[in-house]
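Numbered according to this note's numbering, the sequence shown terminates at residue 356, and the numbering increases by one at each position without gaps. For glycine and all other residues, C-beta sits at the position ideal for the given N, C-alpha and C. Note that this is a predicted model, so its numbers are computed, not measured. Everything below concerns the one structure shown next.
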Amino acid sequence: MTSRSGAATKRYNELIKQATHQSAYNAGIRRPSRTKKLAYHFVTLCLFTKSDMPTSTGINTTFAIAGILAGPGTISNADIQWTDMGKGILVALYFTWHLTLCFNLGNQRQPQSVIEDGVNKPWRPIPAGRISPELAHKWQLVSIVSLLALCYTTLGAWQETAFYLFCTWLYNERAWGDKSWWQRALMNACGITTNRVATLRVAVTAIQANSHDNFEFTNKGLGWFLMCASLVFTTIQVQDLRDQEGDKLIDRQTFPLILGDAPTRSITAVAVMTWSFACPLYWGLGVVGCAVPILTGAIVSAHMLICRSRERDQTSFRLVAAWWVSLYFLPMMSARGF
């Protein structure tokens, strides 16, 4: 065992011991009522997904809305009743939150994540002492089984959901998110895109619940989904710029730690601008349609290259997420002749 891994193990044991003592202390103060217990556990669940509400749950639902608005550009044989759009959005929000919860329960209970969160996000449930890693594992199993059952019987998209959960198993349990930068990027690309496509399928299924026709994704839409996965694969390393201190502590093999901070920014900026041109060309957009992603990509790239602090890197990640969203509406713009 290396000195770094030994120090990481020691740090993990200290955090778990501290969290266990805090949890026992909280439990011993008073015996809460059943209502307070339920409220406490609900808050704990929300804390597991707090960081990902805008960048995961929100963007996945936006992807679904954009796909529906694109109509035949991405979906064929769909009976879209616009009066049921609200129901589709609500179902999509719940589905993608539940899917994110499944991932985070597995991810945040890993020893490396507990150590990293103790430095970067001490308010998360495990380092804060609200729940133990063992109990989080039990919650994870319950959330996985319940989601798969819902998808198979009611929501739809059980194939995409099963594949996403397989990716999360590789990422968390087999440490594909830590061993190498390309495995980390591949799992993010597969997981994020599958999550978004599944959310789109669930939303459309909810909207046309009373229809007897089965909808399909068009070939153009399937090619677009592959393109979305590719752009995530080549730009997701922007999220690692903000967490270099914590990643170095647990010896996680991320793009910035392997290639360096400056090369990562330059490579990511080039990737952003490349996709900013390629994506509107794929949909055959005109000048107006091309201007939106290109201008957004230029702003994102400039901010990433110029602003180099941990706080600004957090903003860079949010800007990349906003850039993704601008691209997701390109099929709709194509359908409307932009």
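(message) Considering only DSSP beta bridges, list what GLU234 is partnered with.
(response) DSSP output for GLU234 lists SER94 as bridge partner(s).
(message) Quick check on the burial criterion: 16 or more other C-beta atoms within 10 angstroms. Buried or exposed for ILE324?
(response) Answer is exposed; the Cβ neighbour count stays below 16.
(request) Go ahead and pull the three-state DSSP assignment for ALA175. (result) DSSP, reduced to helix, strand and coil, places ALA175 outside both helices and strands of the structure shown, so it counts as coil.
(request) Look at LEU267 and VAL137 and say whether their C-beta atoms are less than 9 Å apart. (result) Their beta carbons are under 9 Å apart, which means LEU267 touches VAL137 by this criterion.
(request) Can you say whether TRP341 is buried or exposed, counting buried as having 16 or more other CB atoms within 10 angstroms of its CB? (result) A residue is called buried when at least 16 other Cβ atoms come within 10 angstroms of its Cβ; TRP341 meets this threshold and is buried.
(message) For a quick check, are the C-beta atoms of SER352 and VAL310 less than 9 Å apart?
(response) 9 Å or more divides the Cβ of SER352 from the Cβ of VAL310.
(request) Could you pull out every unbroken alpha helix (DSSP H) segment of at least 4 residues lying fully inside the segment 261-330, listed in chain order? (result) Within the segment 261-330, the complete alpha helix (DSSP H) segments of 4 residues or longer fall at 262-267, 273-277, 279-300 and 305-324, listed in chain order.
(message) Tell me the DSSP secondary structure of GLN126 in three-state form.
(response) Of the three classes helix, strand and coil, the one that applies to GLN126 here is coil, per DSSP.
(request) Please go through the same chain and pick out, in chain order, the residues whose beta-carbon is closer than 8 Å to the beta-carbon of ILE47, but skip the five residues on each side of it. (result) Note that ILE47 scores 44 on pLDDT, short of 50, meaning its location in the model is unreliable and no value can be drawn from it.
(request) Report yes or no: do the segment 113-129 and the segment 54-67 share at least 3 C-beta pairs separated by less than 8 Å? (result) As far as the Cβ criterion goes, the segment 113-129 touches the segment 54-67, which means the pair count is three or higher.
(request) Report yes if the C-beta distance between LEU87 and MET350 is below 9 Å; otherwise report no. (result) The Cβ atoms of LEU87 and MET350 lie closer than 9 Å to each other.
(request) Identify whether GLN158 lies in helix, strand or coil by the three-state DSSP scheme. (result) Helix.
(request) For the segment 91-109 and the segment 232-240, state whether three or more C-beta atom pairs, one from each stretch, are separated by less than 8 Å. (result) The answer is yes - the segment 232-240 touches the segment 91-109, with three or more Cβ pairs under 8 Å.
(request) Excluding the 5 residues preceding and the 5 following LEU303 in the sequence, name in chain order all residues of the same chain whose CB lies nearer than 7 Å to its CB. (result) Taken in chain order, the residues that qualify are LEU348, MET351, SER352 and PHE356.
(request) Would you kindly work out how many angstroms separate the C-alpha atoms of SER198 and SER51, rounded to a whole number? (result) The alpha-carbon atoms of SER198 and SER51 are separated by roughly 47 Å.
(request) For the alpha helix (DSSP H) containing ASP196, list its first residue and its last residue. (result) 194-197 is the extent of the alpha helix (DSSP H) around ASP196.
(message) Cutting at 6 Å between CB atoms, please list the residues of its own chain near SER293, excluding the five before and the five after it.
(response) Note on residue identity: the sequence assigns Trp, not Ser, to residue 293. Within the same chain, LEU249 come within 6 Å of TRP293 by CB-CB distance, once the 5 residues on both sides are set aside.
(request) Output the distance between the C-alpha atoms of LEU307 and ASP331, rounded to the nearest integer angstrom. (result) Rather than Leu, the amino acid found at residue 307 in this sequence is Gly. In a straight line, the C-alpha of GLY307 is about 28 Å away from that of ASP331.
(message) Quick check on the burial criterion: 16 or more other C-beta atoms within 10 angstroms. Buried or exposed for VAL163?
(response) Classification of VAL163: exposed, given that the 10 Å Cβ count is below 16.
(request) Could you tell me the distance, in whole angstroms, from the CA atom of ALA57 to the CA atom of LEU204? (result) Cα to Cα, ALA57 sits roughly 37 Å from LEU204.
(message) Once the 5 residues before and after ARG202 are set aside, which same chain residues still bring their CB inside 6 Å of it?
(response) Around ARG202: GLY195.
(request) Spell out a yes or no on whether the segment 312-319 and the segment 281-290 are touching, meaning 3 or more CB-CB pairs, one atom from each, closer than 8 Å. (result) Remark: three or more beta-carbon pairs, one from each stretch, lie closer than 8 Å, so the segment 312-319 and the segment 281-290 are flagged as touching.
(request) Please classify PHE113: does DSSP put it in a helix, a strand, or coil? (result) DSSP places PHE113 within a helical segment (H, G or I) once states are collapsed to three.
(message) I believe VAL215 touches GLU263 by the beta-carbon criterion, under 8 Å. Please report the beta-carbon distance rounded to the nearest angstrom.
(response) Actually they are not in contact, since the Cβ atoms of VAL215 and GLU263 sit about 34 Å apart, beyond 8 Å.
(message) Quick check on GLY104: does DSSP put it in helix, strand or coil?
(response) If DSSP states are grouped into helix, strand and coil, GLY104 belongs with the helices.
(request) Could you check the C-alpha separation between GLY174 and GLY278 for me, to the nearest Å? (result) Roughly 43 Å separates the two Cα atoms.
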